[in-house]
Amino acid sequence: MKILVLNCGSSSVKYKLIDTTTDATLAEGGVEKIGLEDGFLKYKLADGSKAITELGHIDHKQAIEAILANLTDPKTGCIKSFDEIDAVGHRVVHGAEKFSKSVLITDEVIQQVKDCYDLAPLHNPANITGIEAISALMPSVPQVGVFDTAFHQTMPAKSFMYALPYKYYTEDGVRRYGFHGTSHRYVSARAAEFLGIDLENCKMVTCHVGNGGSITAVLNGKSVDTSMGLTPTEGLMMGTRVGDVDPGALTYLMAKHQLTAEQLQTIINKESGVAGISGLSSDMREIEAAVKDGHERATLALDMYEQRIIKYIGAYAAEMGGLDVIVFTGGVGENQTGVRENVCKPLKFMGVEIDTEINDRTRGTETLLSTPESKVKVVVIPTDEELMIARDTEAIVNGKA
């Protein structure tokens, strides 16, 4: 089947066209700056080079129209008509407790996703806009929703509950939901396959670390704890997100500086993390370069970033009563060799030992980093959320899920 995978953000639409018979990516790209005067479509050509088409001021529906037009263009496209697209799979950020697996999109599902708007006000409305655009442009094509939160619905209550008055859970849905679930599900399964081990008899920690980041404890193939919470701001220190912080510090700052809730949201989501500490950038490549030049705040930012990853791996190993596998994925996890080495060094007491030469030359490829003597396998597994979405979509449309 040819599956179009869409990831609709507040101002962008990313896409991949995947042939599930071979898992080949036939086309990929995305529209950026939706709603602004200088919107554009960026996409890969058949030879691997990139091209850009200026679109001007467009909305989400027009963005998807531009993507479909490009896919069927005689010069840049890879299909002759929309009829070759068998189904469309959508990344949907928040499914709350309503969805524990991917589902066929129906009117009822759409309403349930809308019911989650207050939990993901920037993402779920954009996800629905993408679904509705496809319904208008390709009304006969089946659509499937794949939820970031679904994989984490196996967490026990002791992991997902906050120690707030219980009514805020029952009345307002305040609990840990976790995100990046599609990525954690993909890399945990792929790591087990790559290592030739039984996923259902394994203690694994998956580290999806990049500009956004989360870590998940995967016990026997199921998520039992994860670092992100009600929103993606909890957990690790990220590019611009604060991660774990004393809530008392936030109320202190609100009172002292008379901050509104919206202003505080901006601080914890867009002005904190690596960028906030370093004062330079949220890009780890720039931070590492600054560290080499002796930049003190960049050094502090990198130290903090790595320390929080170490803390979560250690905590989840204790929670599961041991550890068999550590998986690195995401932009930093797949490519920043120094971060991987610095995270693994303090874990030597647990039997973690990596081959530094192999680590130094590994970027973006499936690789076993641990030595034969290591008691814990350490691997790099590039994530492929789009392939996971495509596989779910095919299975649901064919009635096999």
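Using our numbering, the letters of the sequence shown correspond one by one to residues 94 to 494.
Glycine is no exception: its CB is placed at the ideal position from the N, C-alpha and C atoms.
query, result
"Cut-off 7 Å between Cβ atoms - residues of its own chain near R283, not counting five sequence neighbours on either side", "I474"
"Residue from A229, A243, T422 with nearest C-alpha to G305", "T422"
"Top-ranked residue by Cα proximity to L97, from L346, S463, S103, G223", "G223"
"Per DSSP, the bridge partner or partners of G387", "G387 is not bridged to any residue."
"Identified DSSP bridge partners for L99", "Y108, H183"
"Given 8 Å, three or more beta-carbon pairs between the segment 275-294 and the segment 312-325", "yes"
"6 Å CB neighbourhood of G336 in its chain, flanking five on each side removed", "G328, L329, M330"
"H245 versus L110 - alpha carbon distance", "27 Å"
"Exposed unless 16 or more other CB atoms sit within 10 angstroms - verdict on Y136", "buried"
"Span of the alpha helix (DSSP H), counted from its first residue to its last, around M481", "478-490"
"Inter-residue spacing [alpha-carbon to alpha-carbon] between E399 and T359", "24 Å"
"Start and end residues, beta strand (DSSP E) containing L148", "143-149"
"Identity of the residue in T165, V298, I370, Q429 nearest D453 by Cα", "Q429"
"Whole-angstrom distance between L197 and A488, CA atom to CA atom", "10 Å"
"Given 8 Å, three or more beta-carbon pairs between the segment 391-398 and the segment 440-456", "no"
"Separation of S142 from D112, as counted between CA atoms", "20 Å"
"Residues near R484 in its chain [Cβ-Cβ closer than 7 Å; skip 5 each side]", "T113"
"Three-state secondary structure assigned by DSSP to E459", "coil"
"Closest residue to D265 among D208, V317, S375 (Cα-Cα distance)", "D208"
"Residues sharing a beta bridge with G123, DSSP", "K107, K135"
"Proximity below 8 Å, CB of I145 to CB of L138", "no"
"Reduced DSSP category for M94 - H, G, I as helix; E, B as strand; rest coil", "coil"
"CA nearest to the CA of L119, picked from E130, I172, G132", "I172"
"Top-ranked residue by Cα proximity to G122, from M94, K404, N163, T115", "N163"
"Where L129 falls: helix, strand or coil (DSSP)", "coil"
"C-alpha gap between Y108 and K349, whole angstroms", "44 Å"
"Residue range of the unbroken beta strand (DSSP E) whose run includes A310", "306-312"
"M297 - partner residues in DSSP beta bridges", "V311, V418"
"Residues near I76 in its chain [Cβ-Cβ closer than 7 Å; skip 5 each side]", "Here the chain comprises residues numbered 94 to 494, so residue 76 is not present and cannot be evaluated."
"Local Cβ density within 10 Å of R67, reported as buried at 16 or more and exposed below that", "What the structure shows of the chain is the stretch from 94 to 494, and residue 67 is not part of that stretch, so it cannot be assessed."
"N-terminal and C-terminal residue of the beta strand (DSSP E) that Q236 is part of", "236-240"
"Supposed contact pair I406 and V317 - C-beta distance, whole angstroms, cut 8 Å", "About 14 Å separates the two Cβ atoms, so there is no contact after all."
"For V445 and I419, believed in contact at Cβ under 8 Å, the rounded distance", "7 Å"
"Sequence-distant residues of the same chain with beta carbon closer than 6 Å to G303, five excluded per side", "G423, G424, V425"
"Alpha carbon of F175 to alpha carbon of K95, nearest angstrom", "10 Å"
"Exposure label - Y259; buried when at least 16 CB within 10 Å", "exposed"
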